[in-house]
Amino acid sequence: MANGEHMPVYVSRARQLQSDLLDVGHVVTDAELTTIIIKGLPRTYHVITTALETREGELDFQQVVSRLMAYDSAEQEASRKETTAFSARRGGGNAGSSGRGQGARTGGRPNVTCHYCGTPGHFMRDCRKRLADQGSKGRGGDGKQRGGSASAMPSKLAFALGGESRLKDWHIDSGSEWHITYDASELKNVRAVKAEELFNVIGYDGSRHQPTHVGSCTLKSNVIEGLEIDLLNVYVVPKATVKLISAGILDDRGAKVVLGDGKALVQHQGRTILQGE
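According to UniProt numbering, the sequence shown holds residues 1 to 277 in order.
Here it is, written out as structure tokens:
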């Protein structure tokens, strides 16, 4: 598990690797994948991993993921209760300012690690390896495009799906290519997703789901009092359990996303406008 990585993204990366290995003829069973996921967790998860490893019988993938997600959510909630609210701790700021606009762009992003190849310095959406892999999967051995509708519809990673409980807070993530939510009631200007906009979101169990609606959402900064940040093109995936803010999209809008040490900061024109875990 990468430093500062959220549990849904970590499990999703493991599923993606399992799928990639299957494409080259190497089968990794769910039982083996479960063991890999547990062994890859840092020492901060010692309590839950010990409990899982000492239980009798074969580890069930879905049960383990649900336990890990619940544990991770409980730990984050406990951490939030122990710290002062971000807005009260930061204070000040220009209440009339906006999080929109174009800020300075940088060539490299040393504080960002790709969740596809594991290399620091770029987002997953810009990963050359991912683009190359998608290109090779979309073509046959003779270089021609494969037939069928499945190859024509892009798939997104599964970090938003799986588990038994939903997380109510928004999570900033560098692995997400889109803003995703399960709650359409939070959105404005909601409309049905057009056929040409559809994409697949792959669940932890391999199931595929598609967004049904898209709209915009206004978030209140938890750092600067009175500041509001507009999220455009937020997709509603009813089966999702996590509400995700795409770090890549924020970057395209001129914001700087800094991930590390278990925290995520969104900065615009030198100011931190959002802070999360």
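A virtual CB, placed ideally from N, CA and C, is assigned to each residue, including glycine.
Next item on the list: Can you have a look at I36 and say buried or exposed, based on whether 16 or more other CB atoms are within 10 angstroms of its CB?
Entry: exposed
Check: Tell me, which residues are paired with Q275 by DSSP?
Finding: L265
Checklist line | Residue(s) in a DSSP beta bridge with W170 | finding: K243
Next item on the list: Quick one: measure Cβ to Cβ for A31 and E5, integer angstroms, because I've assumed they're closer than 8 Å.
Entry: With 8 Å as the limit, A31 and E5 do not qualify as a contact, their Cβ atoms being about 23 Å apart.
Item checked: Assumed close pair S216, V242 - CB separation to whole angstroms, cut-off 8 Å -> Wrong, their Cβ atoms sit about 19 Å apart, outside the cutoff.
Checklist line | Cα-Cα separation, N94 to L227 | finding: Because the pLDDT at N94 is just 37, under 50, the model does not fix this residue reliably, and the value given afterwards should be weighed accordingly. So the two alpha carbons sit approximately 8 Å from each other.
Note to self: Which residues does DSSP list as the beta-bridge partners of R191?
What the structure shows: V214
Notebook entry, point to check: Considering only the beta carbon of each residue, do P245 and D173 sit closer than 8 Å?
Noted result: First, the residue type needs correcting, since residue 245 is Ile and not Pro in the sequence shown. Yes, the Cβ-Cβ distance between I245 and D173 is below 8 Å.
Next item on the list: Rounded to whole angstroms, what's the CA-CA distance from D23 to A184? Just pull it up for me.
Entry: 35 Å
Notebook entry, point to check: What are the boundary residues of the beta strand (DSSP E) that D230 is part of?
Noted result: E228 to V236
Next item on the list: Go ahead and label K129 buried or exposed: buried means 16 or more other beta carbons lie within 10 angstroms of its beta carbon, across all protein chains shown.
Entry: exposed
Next item on the list: Would you list, in sequence order, the uninterrupted alpha helix (DSSP H) runs of no fewer than 4 residues that lie entirely inside the region 40-65?
Entry: 46-53
Notebook entry, point to check: Does DSSP put T34 in a helix, a strand or coil?
Noted result: helix
Check: By the 10 Å Cβ neighbour count, where 16 or more other Cβ atoms means buried, how is R139 classified, buried or exposed?
Finding: Any answer about R139 is weak, because its pLDDT of 45 lies below 50 and its placement is not dependable; what the coordinates show is given next. Label assigned to R139: exposed.
Next item on the list: Consult DSSP for R253 and reduce its assignment to one of helix, strand or coil.
Entry: coil
Next item on the list: Below 7 Å CB to CB, which residues in the same chain sit around Q18 once its five sequence neighbours on both sides are set aside?
Entry: V28 and L33
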